[in-house]
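So the sequence shown is numbered by the numbering used here: it starts at 59 and just counts up by one.
Every residue gets a Cβ at the ideal spot worked out from N, C-alpha and C, and that includes glycine.
The next block holds one structure in the form of structure tokens; read it before the comments.
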Amino acid sequence: MMLLSYANNFFGYGYGYRGLYFDPTMILALLGLILTMIASAGVNSTFAKYNKVRCMRGMTGAEAAQQVLHAAGIFDVQIRHVRGNLTDHYDPRNKTLNLSDSTFSSNSVAAVCVAAHECGHAVQDQKKYGPLVLRSTLVPLANFGSQLSWPVFIAGLIFSLQPLVMAGIILFSLAVLFQLVTLPVEFNASSRALRILEDTGMLGSQEMTGAKKVLRAAAMTYVAALASSLLQLLRLILLSRRNDRD
Numbered sequence: 059m060m061l062l063s064y065a066n067n068f069f070g071y072g073y074g075y076r077g078l079y080f081d082p083t084m085i086l087a088l089l090g091l092i093l094t095m096i097a098s099a100g101v102n103s104t105f106a107k108y109n110k111v112r113c114m115r116g117m118t119g120a121e122a123a124q125q126v127l128h129a130a131g132i133f134d135v136q137i138r139h140v141r142g143n144l145t146d147h148y149d150p151r152n153k154t155l156n157l158s159d160s161t162f163s164s165n166s167v168a169a170v171c172v173a174a175h176e177c178g179h180a181v182q183d184q185k186k187y188g189p190l191v192l193r194s195t196l197v198p199l200a201n202f203g204s205q206l207s208w209p210v211f212i213a214g215l216i217f218s219l220q221p222l223v224m225a226g227i228i229l230f231s232l233a234v235l236f237q238l239v240t241l242p243v244e245f246n247a248s249s250r251a252l253r254i255l256e257d258t259g260m261l262g263s264q265e266m267t268g269a270k271k272v273l274r275a276a277a278m279t280y281v282a283a284l285a286s287s288l289l290q291l292l293r294l295i296l297l298s299r300r301n302d303r304d
């Protein structure tokens, strides 16, 4: 019965002397979900729009990546094709630039700017960009925190063990810290990409406008993810205080 009470309490409901009531902190989780959905819809819509606009020079995402890397003086990064849609990423561990189905062979403006953005991370890696180095260091801690924070926090609530509750909050904070450090990394990668695309003339002035919109929309997903996590962290803190009073 105690387990059911805490589960209902954590996910939005609880029991009081007036019966079943709605947990107001659930609003924070819902707000975070709404922000994430809006940002996701925005990037999907913007990418879909400029994915239909053919690049003036007709280059594919893979060809654009090669040119951006060479323009930055990088010749030791391998470009690979990976499955999925918008699963593009740069892996500093083996120096590979992984481009998705929607980017690798596409000659759209969206594909070119996404490929260039991932190249921006390769440039960061080459120059030992501080926030990127810090983010790479935080990866194992963030993974550890994200996996254990919820079980530890809920266990602390169930058994009324405040140290466990605080441990859950601290573990979740590691994941939030990772997302915070990710923001300058992503914005800087986009800035580097846009500068190289413009300086090399790979995209025309009108195409650059579209590229900026695509990368701005993508950046908003990271902002929304951070905002959502901060709201969730606030919710955990409020729940822990209420549990402590109870």
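Boundaries of the alpha helix (DSSP H) around Y108: 84 to 108. Taking the Cβ atoms as the reference, N102 lies roughly 26 angstroms from Q182, outside the contact range of under 8 angstroms. DSSP lists R138, H147 as the beta-bridge partner residues of N156.
For the region 156 to 219, the full-length alpha helix (DSSP H) segments reaching 4 residues or more read 159 to 162, 167 to 184, 188 to 216 along the chain.
In the three-state DSSP reduction, R112 falls in the strand class (E or B).
Nearest C-alpha to A122 among P82, S204, R299, S163: S163.
The beta carbon of S231 sits closer than 8 angstroms to the beta carbons of G203, L291 from its chain, once the five residues preceding and following it are set aside; these are given in chain order. For G131, no alpha helix (DSSP H) encloses it, and the DSSP letter there is neither H nor E. As the crow flies, the alpha-carbon of N109 is around 24 angstroms from that of L93.
V140 places its beta carbon 8 angstroms or farther from that of C177.
Taking a 10 Å sphere around the C-beta of G226, we find 16 or more other C-beta atoms and assign the residue as buried.
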